[in-house]
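Chains as they are written, first to last, in this note's numbering: chain Z, 11 to 123; chain X, 3 to 120. For each residue, glycine too, the CB sits at the ideal point set by N, CA and C. Heads up, the thing below is written out as structure tokens.
Right under this line is the structure:
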């Protein structure tokens, strides 16, 4: 499968600060990306998605940025809260070749109260 | 949002036995479901794509005779780990995609099934 990786395996932030989680992907043909949050012992939970025809998308307290030139994604979480502590994965797919999603390594986010 | 249910959530079995895990889409029809495997502190590894009414497509390196997948209906896919061994112990997660008129549907995940083989 495609290789999707993350720069930072762990991240600790103070409560109230902004968090930035990065992801690099290798398949230039990928055209749809999703960020997932996974809490211990649970399945991944959808956070936000972005298509390749966009470079930025905002949700509630979260923003995803896509840089296709360098094949890089980032997830920004504003005013990070203790409930944001989890592992975050980016996933990528090429919608023209079956929609299989391949996941990055994951970043463990710890919010310090 | 759409709900995907997995059963059982935890299973312990003896080495050499087979274990079946069910994945159900509760409020939508899923023509395609995906099975992932996750080791502790690692990412999700795609094992196979399960297509309703046809054979599953397995990722490279995944033994299809070891991990039997059946997608008999639009709401149910099953993964059977045959002749399980301790190295098969893992967290197995299924996901299903909705179309809802979009070119690429959002992917919803079950809560996972933790398999422990003694």
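message: By the three-class DSSP mapping on this structure, what secondary structure does residue 89/X have?
response: For this step, residue 89/X is matched to residue 87 along the second chain. In this structure, residue 89/X counts as helix in the three-state DSSP scheme.
query: Rounded to a whole number of angstroms, what is the C-alpha to C-alpha distance between residue 21/X and residue 46/X?
result: If you number the second chain from 1, residue 21/X lands on position 19. If you number the second chain from 1, residue 46/X lands on position 44. The straight-line gap from Cα to Cα measures roughly 20 Å.
- prompt: So what does residue 26/X bridge to, in DSSP terms?
  reply: As a first step, residue 26/X is located in the second chain; it is residue number 24 there, counting from the start. Paired residue(s): 7/X and 78/X.
message: Output needed for residue 61/Z: all residues of its chain with C-beta closer than 6 Å, excluding positions within five of it in sequence on either side, in chain order.
response: The sequence position of residue 61/Z within the first chain is 51, counting from 1. So the qualifying residues of the chain are 42.
- request: Within its chain, find whatever has a CB closer than 7 Å to the CB of residue 104/Z; leave out the 5 residues flanking it on each side and keep chain order.
  value: Numbered from 1 along the first chain, position 94 holds the residue referred to as residue 104/Z. Cβ within range, chain order: 37, 39, 40 and 41.
- prompt: Quick one: Cα of residue 70/Z to Cα of residue 30/Z, how far?
  reply: Translated into positions along the first chain, residue 70/Z becomes position 60. Translated into positions along the first chain, residue 30/Z becomes position 20. Using only the alpha carbons, I get a separation of about 15 Å.
task: Below 9 Å between beta carbons is the criterion; list the residues of the stretch 75 to 99 of chain X that meet it against any residue of chain Z, in chain order.
output: 93, 95, 96, 97 and 99
- prompt: Going along chain Z in order, which residues have a C-beta closer than 8 Å to the C-beta of residue 113/X?
  reply: For the purposes of this step, residue 113/X is taken as the residue at position 111 of the second chain. Under the 8 Å cutoff, chain Z gives 52 and 53.
message: Would residue 112/Z pass as an interface residue toward chain X - the criterion being a Cβ-Cβ separation below 8 Å?
response: In the first chain, counting from the first residue as 1, residue 112/Z sits at position 102. By this cut-off, residue 112/Z is an interface position.
Residue environment, residue 58/X, which counts as buried when at least 16 other CB atoms sit within 10 Å: Here residue 58/X refers to the residue found at position 56 when the second chain is read from its first residue. With 16 or more other Cβ atoms within 10 Å, it is buried.
message: Does the CB of residue 51/X have a neighbour CB from chain Z at under 8 Å?
response: Taking the first residue of the second chain as 1, we reach residue 51/X at position 49. Closer than 8 Å to some Cβ of chain Z, the Cβ of residue 51/X qualifies, so yes.
8 Å Cβ cutoff, residue 7/X in contact with chain Z: In the second chain, counting from the first residue as 1, residue 7/X sits at position 5. For residue 7/X, the answer is no, since every Cβ of chain Z falls outside 8 Å of its Cβ.
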